Amino acid sequence: MPKADLAHVETWVFDMDNTLYPPELRLFDQVSAKITAFVMRELALERTEADALRSRYFRDYGTTLAGLMAAHGLDPDPYLAEVHAIDLSGVAPDTRLADAIAALPGRKVIYTNGSRAHGLNIAQALGLAECFAAFYGVEDAGYVVKPHRPAFEAV
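Under numbering that gives the first Met the number 0, residues 0 to 154 are what the sequence shown spells out, in order.
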């Protein structure tokens with residue numbers, strides 16, 4: 000297979016969750032469980048009510064976070080810190096991926112719908128942090144998430 004000419008690419012934007020690591024690691028399952036626990040605690044709801052509210056906020060606002068901000072005036076930063084405090088002990092460095100990313104020409108950045116710290120923490124666990132010039136999270140896009148155009152325009 001001929002090698003593609005990628006020299007013209009100035010910037011590579013990588014997604015994080017289930018993209019730079021395999022979904023089999025189930026890291027987002029941890030985030031999801033923490034989101035539900037947060038909603039249950041902060042809004043004094045049972046699990047079924049919290050799950051229903053999360054579904055409604057996802058449908059109506061695009062994310063649970065956006066719904067909590069709009070409907071309850073939630074400060075997003077403590078929420079993001081809590082829901083992204085996950086166990087990364089099952090994540091191993093991926094030297095093949097690091098080498099492949101390093102071989103790409105141009106600037107490389109990570110852009111996650113999670114927090115910037117979440118992206119950096121996972122990249123460090125994967126041994127990829129040094130491959131990237133910058134990390135962008137939902138807070139850098141004014142809490143608007145991909146794939147909405149304003150999210151990309153913000154970063």
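Note that CB positions come from ideal geometry on N, CA and C, so glycine has one too. A quick note: this is a predicted structure, and the numbers were derived from the prediction, not measured.
Query raised in the report: Just the Cα atoms here: how many angstroms apart are His117 and Tyr110?
Result: About 10 Å.
Query raised in the report: From this set, Arg46, Glu138 and Glu23, which residue's C-alpha is nearest Ala32's C-alpha?
Result: In terms of CA proximity to Ala32, Arg46 leads the group Arg46, Glu138 and Glu23.
Requested in this report: Quick one: give me the first and last residue of the alpha helix (DSSP H) that Val38 is part of.
Outcome: Residues Leu26 to Leu42.
Query raised in the report: Can you tell me whether DSSP reads Ile85 as helix, strand or coil?
Result: Ile85 falls in the coil class under three-state DSSP.
Query raised in the report: Just reading off the beta strand (DSSP E) that Thr47 is part of, what are its end residues?
Result: Judged by DSSP secondary structure, Thr47 falls outside any beta strand (DSSP E) and instead within the alpha helix (DSSP H) spanning Arg46 to Tyr60.
Query - Own chain partners of Ala97 with C-beta closer than 7 Å, once the 5 adjacent residues on each side are dropped - result: Here the set comprises Gly126, Leu127 and Cys130.
Query raised in the report: Going by alpha carbons, who is nearest to Asp4 out of Gly105, Ala132 and Pro149?
Result: It is Gly105 whose Cα lies nearest to the Cα of Asp4.
Requested in this report: Pull up the distance between the alpha-carbon of Pro77 and that of His71, whole angstroms please.
Outcome: Approximately 14 Å between the Cα atoms of the pair.
Query - Three-state secondary structure assigned by DSSP to Ala133 - result: The DSSP-derived three-state label of Ala133 is strand.
Report task. Compute the Euclidean distance between the alpha carbons of Ala150 and Asp139, then round it to the nearest angstrom. Result -> So the two alpha carbons sit approximately 8 Å from each other.
**Report entry** Helix, strand or coil at Tyr20 according to DSSP, with G and I counted as helix
**Finding:** It is coil, neither helix nor strand.
Requested in this report: Following the continuous beta strand (DSSP E) through Thr94, name the residue where it begins and the one where it ends.
Outcome: From DSSP, Thr94 is part of no beta strand (DSSP E) but of the alpha helix (DSSP H) over Thr94 to Ala102.
Query raised in the report: What residue from Asn120, Val82 and Leu87 has the CA that sits closest to Phe37's CA?
Result: Residue nearest to Phe37 within the set Asn120, Val82 and Leu87 is Val82 (criterion: CA-CA distance).
Query raised in the report: Between Ser88, Leu103 and Pro75, which lies nearest to Arg95 when the distance is taken from Cα to Cα?
Result: Of the candidates Ser88, Leu103 and Pro75, the one whose C-alpha sits nearest the C-alpha of Arg95 is Leu103.
**Report entry** Closest residue to Gly89 among His7, Ala6, Asp16 and Glu23 (Cα-Cα distance)
**Finding:** With distances taken between Cα atoms, Gly89 lies closest to Glu23.
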